[in-house]
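Report on one structure; see the data block that follows.
Residue numbers (the UniProt record's numbering): 1 to 70.
Dropping the structure here:
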């Protein structure tokens, strides 16, 4: 079992988690990208995400995950 596989197993069905939970809870906004085969979706921050955090806090978190400083 690879590290990637075990990480995905921790979250279960990631696609279902994103679409059925994060979109329904307004953390993400999902739109279909026009004229793409296969169908592709674009995810943007939803209203709830904007209320609960800032872009700077997200950037700091991502930088921390990649061991970089801002």
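The C-beta atom is built at its ideal place from N, Cα and C for all residues, glycine as well. Predicted model, so just to flag it, every value in this text is computed and none were measured.
Opening and closing residue of the beta strand (DSSP E) in which residue i lies
i, result
"residue 59", "Per DSSP, residue 59 belongs to no beta strand (DSSP E); it is in the alpha helix (DSSP H), 55-65."
"residue 28", "28-33"
CA-to-CA distance, residue j to residue i, given in whole angstroms
i, j, result
"residue 13", "residue 39", "19 Å"
"residue 55", "residue 41", "21 Å"
"residue 57", "residue 68", "14 Å"
"residue 25", "residue 37", "28 Å"
"residue 10", "residue 17", "12 Å"
Cβ-Cβ distance between residue i and residue j below 7 Å
i, j, result
"residue 48", "residue 29", "no"
Residue i - containing alpha helix (DSSP H), residue span
i, result
"residue 52", "47-52"
Identity of the residue in the options nearest residue i by Cα
i, options, result
"residue 27", "60, 51, 46 and 52", "46"
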